[in-house]
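Here is the structure we will look at, set down as structure tokens.
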Amino acid sequence: MADDAPQRESMEYDLVIVGGGPAGLSAAIRFKQLANEKGEDLSVVVLEKGGEIGAHILSGIVLDPKALDELLPDWRNNSDCPLKTEVKIDRYKLLGENGSAELGWLPFPPLMSNHGCYAGSLANVCRWLGREAEALGVEIYPGFAASEVVYDAEGVVRGVVAGVMGIGADGQKKADYEPGMELLGKYVLFAEGARGSLTKQIMNQFNLQADCDPQKFGIGLKEVWSVPEEIFVDGLVQHSFGWPVRDKDGNGGGFLYHFRDNGEPFVSVGYVVHLNYKNPYLAPYQEFQRYKHHPDIRRYLEGGKRVAYGARAITSGGLQSIPKLSFPGGALIGCCAGFVNLPRIKGTHNAMKTGMLGAESVFAALQAGRSGDEMTEYDDAMHSSWVQKDLSTVRNMKPLMSRFGTLIGAMIGVPDMWLRSLMGFGFLPTLKHGKTDAASLKPAKDCKKIAYPKPDGVLSFDKLTNVSFTNTYHGEDQPVHLIVKDMALQKSSEHDVYDGPSARYCPAGVYEWIGEGADLKFQINAQNCIHCKTCDIKDPNQNINWTVPEGGGGPAYPNM
Ligand SMILES: Cc1cc2nc3c(=O)[nH]c(=O)nc-3n(C[C@H](O)[C@H](O)[C@H](O)COP(=O)(O)OP(=O)(O)OC[C@H]3O[C@@H](n4cnc5c(N)ncnc54)[C@H](O)[C@@H]3O)c2cc1C
Ligand code: SF4
């Protein structure tokens, strides 16, 4: 060890889990269930960068309860479980600027139905899962950001460093400096969600994406509205495609879910813009604000009040983009590997199930006296589970929509989906994704500027006002966690060629080009960052690296 390397205490566990979302918590619960059934005292810790479990969780959410039924079969009778709204009305619409068409005539296969699913807040579901996990004996450390992977001399993943605090913006140690701890495990499961910062390193270290297509993403922007009973429609779930994003610029779609939280009526309204959009002038945040003004959306918001706002990347590559999951010492579970079924806009059931499969593999390996090796049996278990089937059926929808636009893509994709769900094979081969989302932007000179309407302050809001509804906080005196690798490249390309798309794709107003000529400066308002990860995905040169700030910083989402 170098003389100036931080001296850290370490703690040893049987299993270390990085990330307290649905995947990480399901893994922890399943692991403890198995250990308790066998009467074995096995230890598991969950590390979460949010100030509490749920603080950084943003989802729709309409939950397919398939995995939850397997994990905690009695959940419907558990009064503490916040999922109380069963889907009763399920609508699909194609939006035009002033009107809409019901897509009920499009004969979607049964897998697209939301009946039997539940609407609610995933942040609150995670808070409840956290309580269930702790009751089983899981240790949970919120406010603990895992910032480094610990490898042994053979290159096996042994654990992570978490809880580093008290480094100033100048990189120097402050009076409250804490070197953090090494949390070491016989196995480590990474459950960081879409575009995990340590997952990215692990994927490179072990070349886990060698045999798959690049992962694809969307940015999902969402508000929660408290609405009066008169406009609330219990159990209404509405998905829409098309407007306001135009096919020549990119693809997108919206959702509107009515649910009760503690008996109060709420509407979740959100819009997902696929991050393979081409026009650097497209602004996902503004598209979302515009979307709420559509007659079919505004009628469910007028008279209500926006109580929360947030944004988060969502994976959308599906089956073709799933990397190798296991590596020496651990595995990837949940959306850090990407398990979202895009046409259903659902990933939580698959995140939970892969967490459970990961935990089962760890438990079996420990029972066999193994540790720190590669659990390829987990890869096999995932590929023979219902997760594989769920993703296999819809595998061509995303590539078709990217190539032919939303409507035509869906019209070609739906028959393929039908055939695959009935026969297990489609009339198309598995289509490839091609390039990364970062490579899809066109130079600004080849694109038209987009004029967005001003927010009215009633249905639509300016970005910074909305950011205040994320309850985001970061200690001011800490290093900027958004690392621009080459500032000269940022100027010559991001600014000069693409006209600064970061100011438009960032949903929190973090990036700005200020000044002119020799005084031109790339300003990073890191304290506003809501951890959506879009900059890490969409910067055209992959020149921005999102790293974890001090634990406990970031948004504090209430019921996202
Ligand atoms: C707008 C939107 C709408 C969606 N709608 C639906 C829907 O209706 N139905 C559905 O089923 N799915 C939906 N999804 C997808 C669903 O949210 C994901 O599939 C699911 O959240 C993935 O769970 P996860 O546990 O893998 O990751 P996440 O939910 O992202 O959780 C990861 C956790 O790990 C923590 N973490 C990350 N890195 C670190 C670190 N280094 N150290 C410590 N902690 C860390 C994060 O803070 C977070 O709490 C939607 C997603 C979005 C963005
Ligand atoms: S800085 Fe990056 S991760 Fe943070 S809010 Fe903006 S786009 Fe998202």
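So the sequence shown is numbered by this note's numbering: it starts at -5 and just counts up by one. Even for Gly, the Cβ is constructed at its ideal location relative to N, Cα and C.
Look at the Cβ atom of residue i, then the Cβ atom of residue j, and state whether they are nearer than 8 Å.
i, j, result
"residue 44", "residue 183", "no"
"residue 537", "residue 530", "no"
"residue 526", "residue 306", "yes"
"residue 16", "residue 345", "yes"
"residue 552", "residue 302", "yes"
"residue 487", "residue 272", "no"
"residue 142", "residue 150", "no"
"residue 112", "residue 158", "no"
"residue 532", "residue 432", "yes"
"residue 227", "residue 127", "no"
"residue 120", "residue 9", "no"
"residue 248", "residue 234", "yes"
"residue 370", "residue 415", "no"
"residue 178", "residue 6", "yes"
"residue 116", "residue 554", "yes"
"residue 114", "residue 79", "yes"
"residue 341", "residue 372", "no"
"residue 524", "residue 459", "no"
"residue 484", "residue 478", "yes"
Run through DSSP, which three-state label would residue i get?
i, result
"residue -5", "Below a pLDDT of 50, predicted positions are generally treated as unreliable, and residue -5, at 48, falls in that range; no measurement from the model is reported."
"residue 46", "coil"
"residue 477", "strand"
"residue 539", "strand"
"residue 405", "helix"
"residue 430", "coil"
"residue 18", "helix"
"residue 102", "coil"
"residue 153", "strand"
"residue 398", "helix"
"residue 377", "helix"
"residue 237", "coil"
"residue 40", "strand"
"residue 141", "strand"
"residue 252", "strand"
"residue 300", "strand"
"residue 204", "coil"
"residue 175", "strand"
Can you say whether residue i is buried or exposed, counting buried as having 16 or more other CB atoms within 10 angstroms of its CB?
i, result
"residue 4", "exposed"
"residue 175", "buried"
"residue 475", "buried"
"residue 196", "buried"
"residue -5", "Note that residue -5 scores a pLDDT of 48, beneath 50, so its modelled location is shaky; the value from the coordinates is reported in the next line. By the 10 Å Cβ count, residue -5 comes out exposed."
"residue 232", "buried"
"residue 219", "buried"
"residue 590", "Lying before the first or after the last residue shown, residue 590 is absent from the chain, which here runs from -5 to 554."
"residue 285", "buried"
"residue 289", "exposed"
"residue 455", "buried"
"residue 180", "buried"
"residue 83", "exposed"
Following a CB-centred definition, is residue i positioned closer than 7 Å to any heavy atom of ligand 1?
i, result
"residue 342", "yes"
"residue 255", "no"
"residue 471", "no"
"residue 339", "yes"
"residue 196", "no"
"residue 144", "no"
"residue 486", "no"
"residue 58", "yes"
Is residue i near ligand 2, judged by its Cβ being under 7 Å from some heavy atom?
i, result
"residue 329", "no"
"residue 140", "no"
"residue 501", "yes"
"residue 527", "yes"
"residue 540", "yes"
"residue 441", "no"
"residue 523", "yes"
"residue 39", "no"
"residue 263", "no"
"residue 476", "yes"
"residue 266", "no"
"residue 301", "no"
"residue 231", "no"
"residue 218", "no"
"residue 81", "no"
Of all the CB atoms in chain C, is at least one closer than 8 Å to the CB of residue i?
i, result
"residue 253", "The chain inventory of the structure shown lacks chain C, comprising one protein chain alone."
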